[in-house]
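Participant: Listed in order, the protein sequences are those of chains F and E. Following this note's numbering, the residues of the first sequence are numbered contiguously, the last one being 292. Following this note's numbering, the residues of the second sequence are numbered contiguously, the last one being 1086. Here you go, one structure.
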Amino acid sequence: MNNNWAGTTYGNEWMHRWLIRLLRHIDTRVLYVFVAVFVIPVCLMLNPSRGIIYRYFRQRIGYGRLKSAWKTYVNHCLFGQVVVDKFAMYAGKKFNIEIEGAEQFTELTKQKEGFVMLSAHIGNYEIAGYTLVSKVKRLNALVFAGEKASVMRNRSKMFAETNTNMIAIQPDMSHLFEIDKALTNGEIVSMPADRINGSQKNIGHVFLGAKAMFPLGPFSVATMRGLDVLAVNVMKSSLRGYKIYVTPLAYDKGASRQEQVRQLSSAYVAELEKRVWQYPTQWYNYFEFWQI
Amino acid sequence: MEQLIKDLKLQIKEALNLEELSLEDFDADAPLFGDEGIGLDSIDVLEIIVLLEKEYGIRLANPKEGKAIFKSVRTIAEYVQANRKK
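The following block contains the structure:
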């Protein structure tokens, strides 16, 4: 199973700049239609993600053949829309954001200790980076170092206004020191917990009815200092709207480390499963996620 | 120094849950990373960083120091001996 992911936004810098300029003048819906009619059909013909997502709908969600084929198309269109939305944000466009569980986030920002937010590649997590922010606690978001310069530049620009710092995953492990430093300083660290990247250590869980491997790192980082953890999933709820789900993940801090990691990762997987059932078409892990 | 190495081996073995590794086989000079040695990875480094802070009051703030310190148990022990606060 290859579940490593380059984690970079499609397209070159010129395309990104062009897209941002365009989105300053046109409605995102125009681009949604363009993507759905011209881009996605070509992608579906050329890209292996077609089969991966079709199997996800057939085997994991349990849809019939026709419905799975249609939902595969819808899934790719929605992915196109969240990419457009990301660049629309860079272009200064606003979205209607609803937050469920905002008080959980606010409560944790009041305490002295740092805490961890675990995300997944569903919906559009980047929206949370611009919305779920605290003036008193800096948010450190773990990002892929290989991301395009144009995306990183725009993220930096937007994050600077929201007390958010980016920590890029580095081959020399320096990001680990940054994560640890941020947490010991009582800050927030946000990282995805659904893709194995860097360390190959993993933990298996039954997810949507079959065994899948999740990275051990995020759960280890949280439990090694006994920190509180929130699952944050940001789902597209309408053409111009997103809903952020903030859910505390409980684990017994007095248990052995192994048990803590098991409990925390189980809670994360259960929450992820709940959101995927709620929004099955917003699953964006385009690789063989399950061990068959 | 030898006692410190022994303590560190035990603490690392426990923290990283290296059940299959006996203390006798845990060579103090073996590289901690890569196929030739114990085969630890980046997450293990973070575990050791927390261990050093909890057990010896050492806070590693400079990532550039990391590679040299975490070469082997002996290099960690040398660093602990020179910088321990408890």
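The C-beta atom is built at its ideal place from N, Cα and C for all residues, glycine as well. All figures in this text were calculated on a predicted structure; none of them were measured in a lab.
Quick one: residues in its chain with C-beta nearer than 6 Å to the C-beta of Pro-218 (chain F), no 5 flanking neighbours on either side, listed in chain order?
Facilitator: Against the first sequence, residue 218 (chain F) aligns to sequence position 218. If we look at Pro-218 (chain F) and ignore the five residues flanking it on each side, its Cβ neighbours are Leu-118, Met-191 and Ala-193.
Participant: Please name the residue, chosen from E:Asn-1017, E:Ile-1043, E:Glu-1036 and E:Arg-1084, that lies closest to Gln-200 (chain F) on a Cα-to-Cα basis.
Facilitator: Here residue 200 (chain F) is taken as the residue at index 200 of the first sequence, counted from 1. The shortest C-alpha separation from Gln-200 (chain F) is found at E:Ile-1043.
Participant: What are the residues in the stretch 170-191 of chain F lying within 8 Å of chain E by C-beta distance?
Facilitator: Asp-172, Met-173, Ser-174, Leu-176, Phe-177, Glu-178, Ile-179, Asp-180, Lys-181 and Thr-184
Participant: Among all the DSSP beta bridges, which residues are the ones paired with Val-189 (chain F)?
Facilitator: As a working mapping, residue 189 (chain F) is identified with position 189 in the first sequence. Its beta-bridge partners are F:Val-116 and F:Asn-140.
Participant: List the endpoints of the continuous beta strand (DSSP E) containing Leu-1052 (chain E).
Facilitator: As a first step, residue 1052 (chain E) must be located in the second sequence, where it is residue number 52. Looking at the DSSP string, Leu-1052 (chain E) is not in any beta strand (DSSP E); the run it does join, the alpha helix (DSSP H), is 1042-1056.
Participant: I believe Val-84 (chain F) touches Val-35 (chain F) by the beta-carbon criterion, under 8 Å. Please report the beta-carbon distance rounded to the nearest angstrom.
Facilitator: Position 84 of the first sequence, counted from the first residue, corresponds to residue 84 (chain F). Position 35 of the first sequence, counted from the first residue, corresponds to residue 35 (chain F). With 8 Å as the limit, Val-84 (chain F) and Val-35 (chain F) qualify as a contact, their Cβ atoms being about 7 Å apart.
Participant: So, does the CB of Ser-266 (chain F) fall closer than 8 Å to a CB anywhere in chain E?
Facilitator: Locating residue 266 (chain F) in the first sequence gives position 266, counting from the first residue. It does not: the Cβ of Ser-266 (chain F) has no partner Cβ on chain E nearer than 8 Å.
Participant: Give a single yes or no on whether Phe-287 (chain F) has its beta carbon closer than 7 Å to a heavy atom of the ligand GDP.
Facilitator: What this structure holds is no ligand at all, so the ligand GDP is not there to describe.
Participant: Work out the CA separation of Ile-1048 (chain E) and Gly-1039 (chain E) for me, nearest whole Å.
Facilitator: Here the question's residue 1039 (chain E) lines up with position 39 in the second sequence. Here the question's residue 1048 (chain E) lines up with position 48 in the second sequence. Distance between the alpha carbons of Gly-1039 (chain E) and Ile-1048 (chain E): 14 Å.
Participant: How would you call Ile-26 (chain F), buried or exposed, if buried means at least 16 neighbouring beta carbons within 10 angstroms?
Facilitator: The residue labelled residue 26 (chain F) in the question sits at position 26 within the first sequence. Around the beta-carbon of Ile-26 (chain F), fewer than 16 other beta-carbon atoms lie within 10 Å, marking it exposed.
Participant: Could you pull the start and end residues of the beta strand (DSSP E) that Leu-230 (chain F) belongs to?
Facilitator: Here residue 230 (chain F) refers to the residue found at position 230 of the first sequence. Looking at the DSSP string, the run of the beta strand (DSSP E) that includes Leu-230 (chain F) is 228-236.
Participant: Can you give me, in chain order, the residues of the stretch 207-234 of chain F that have a beta carbon less than 7 Å from any beta carbon in chain E?
Facilitator: Leu-216, Gly-217, Ser-220, Val-221, Met-224 and Arg-225
Participant: Measuring straight from C-alpha to C-alpha, what distance separates Arg-29 (chain F) and Tyr-1056 (chain E)?
Facilitator: By one-based count along the first sequence, residue 29 (chain F) stands at place 29. By one-based count along the second sequence, residue 1056 (chain E) stands at place 56. When rounded, the distance between both Cα atoms is 58 Å.
Participant: State buried or exposed for Asp-252 (chain F), treating a residue as buried only when at least 16 other CB atoms are found within 10 Å of its CB.
Facilitator: Numbered from 1 along the first sequence, position 252 holds the residue referred to as residue 252 (chain F). Answer is exposed; the Cβ neighbour count stays below 16.
Participant: CB-CB under 6 Å to Phe-1033 (chain E), same chain, minus the five flanking residues each way: which ones, in chain order?
Facilitator: Here residue 1033 (chain E) refers to the residue found at position 33 of the second sequence. Residues Leu-1040 of the same chain have their beta carbon placed closer than 6 Å to that of Phe-1033 (chain E), with the five preceding and five following residues left out of the count.
Participant: Just checking: is the beta-carbon of Ile-1005 (chain E) within a distance shorter than 8 Å of some beta-carbon in chain F?
Facilitator: Counted from its first residue, the second sequence places residue 1005 (chain E) at position 5. No, its Cβ sits nowhere closer than 8 Å to a Cβ of chain F.
Participant: Using a threshold of 8 Å, state whether the C-beta atoms of Thr-162 (chain F) and Ala-141 (chain F) are closer than that.
Facilitator: Sequence index remark: in the first sequence, residue 162 (chain F) carries index 162 (1-based). Sequence index remark: in the first sequence, residue 141 (chain F) carries index 141 (1-based). Not closer than 8 Å, so no.
Participant: Assuming Arg-58 (chain F) and Ser-68 (chain F) form a contact by the criterion Cβ under 8 Å, report the distance between their Cβ atoms to the nearest whole angstrom.
Facilitator: Counted from its first residue, the first sequence places residue 58 (chain F) at position 58. Counted from its first residue, the first sequence places residue 68 (chain F) at position 68. Indeed they touch by this definition, with Cβ atoms about 5 Å apart.
Participant: So what does DSSP say about Gly-241 (chain F), is it helix, strand or coil?
Facilitator: On the first sequence, residue 241 (chain F) is found 241 positions in, with the first residue counted as 1. In this structure, Gly-241 (chain F) counts as strand in the three-state DSSP scheme.
Participant: Round the Cβ separation of Gln-258 (chain F) and Asn-1017 (chain E) to the nearest angstrom and send it over; I've been treating them as touching at under 8 Å.
Facilitator: What you label residue 258 (chain F) is simply residue 258 of the first sequence in a count that begins at 1. What you label residue 1017 (chain E) is simply residue 17 of the second sequence in a count that begins at 1. About 6 Å; that satisfies the 8 Å criterion.
Participant: Please tell me whether Gly-79 (chain F) and Leu-23 (chain F) are closer than 8 Å, where the distance is taken between their beta carbons.
Facilitator: What you label residue 79 (chain F) is simply residue 79 of the first sequence in a count that begins at 1. What you label residue 23 (chain F) is simply residue 23 of the first sequence in a count that begins at 1. The question names Gly, but residue 79 (chain F) is Phe in the sequence shown. Cβ distance not < 8 Å, so Phe-79 (chain F) and Leu-23 (chain F) don't count as in contact.
Participant: Considering only the alpha carbon of each residue, which of F:Gly-186, F:Cys-43 and F:Met-166 lies closest to Gly-129 (chain F)?
Facilitator: Numbered from 1 along the first sequence, position 129 holds the residue referred to as residue 129 (chain F). Checking every option, the nearest Cα to that of Gly-129 (chain F) belongs to F:Met-166.
Participant: Which two residues bound the contiguous beta strand (DSSP E) that contains Phe-214 (chain F)?
Facilitator: Here residue 214 (chain F) is taken as the residue at index 214 of the first sequence, counted from 1. Segment 210-215, the beta strand (DSSP E) holding Phe-214 (chain F).
Participant: Could one say the Cβ of Gln-258 (chain F) lies closer than 8 Å to chain E's Cβ atoms, at least one of them?
Facilitator: Against the first sequence, residue 258 (chain F) aligns to sequence position 258. It does: the Cβ of Gln-258 (chain F) has a partner Cβ on chain E nearer than 8 Å.
Participant: With C-beta atoms as the reference, is Tyr-90 (chain F) less than 8 Å away from Ile-20 (chain F)?
Facilitator: Here residue 90 (chain F) refers to the residue found at position 90 of the first sequence. Here residue 20 (chain F) refers to the residue found at position 20 of the first sequence. In this structure, Ile-20 (chain F) lies closer than 8 Å to Tyr-90 (chain F) by Cβ.
Participant: The beta strand (DSSP E) with His-205 (chain F) in it runs from where to where?
Facilitator: On the first sequence, position 205 is the one that residue 205 (chain F) refers to. Looking at the DSSP string, the run of the beta strand (DSSP E) that includes His-205 (chain F) is 202-207.
Participant: With distances taken between CB atoms, is the gap from Val-229 (chain F) to Leu-132 (chain F) smaller than 8 Å?
Facilitator: As a working mapping, residue 229 (chain F) is identified with position 229 in the first sequence. As a working mapping, residue 132 (chain F) is identified with position 132 in the first sequence. Contact: no.
Participant: When you compare the CB of Leu-1046 (chain E) with every CB in chain F, is at least one pair closer than 8 Å?
Facilitator: The sequence position of residue 1046 (chain E) within the second sequence is 46, counting from 1. For Leu-1046 (chain E), the answer is yes, since a Cβ of chain F falls inside 8 Å of its Cβ.
Participant: Quick check on Pro-41 (chain F): does DSSP put it in helix, strand or coil?
Facilitator: Here residue 41 (chain F) refers to the residue found at position 41 of the first sequence. The answer is helix: DSSP assigns Pro-41 (chain F) an H, G or I state.
Participant: Classify Ile-169 (chain F) as helix, strand or coil using the three-state DSSP reduction.
Facilitator: Walking along the first sequence from the start, residue 169 (chain F) turns up at place 169. Strand at Ile-169 (chain F).
Participant: Helix, strand or coil: which one does DSSP assign to Val-246 (chain F)?
Facilitator: In the first sequence, the residue the question calls residue 246 (chain F) occupies position 246. Strand.
Participant: Since Gly-114 (chain F) and Gly-186 (chain F) should fall inside the 8 Å C-beta cutoff, what is the C-beta to C-beta distance between them, to a whole number of angstroms?
Facilitator: Position 114 of the first sequence, counting from 1, holds the residue named residue 114 (chain F). Position 186 of the first sequence, counting from 1, holds the residue named residue 186 (chain F). With a Cβ gap of about 5 Å, Gly-114 (chain F) and Gly-186 (chain F) count as contacting.
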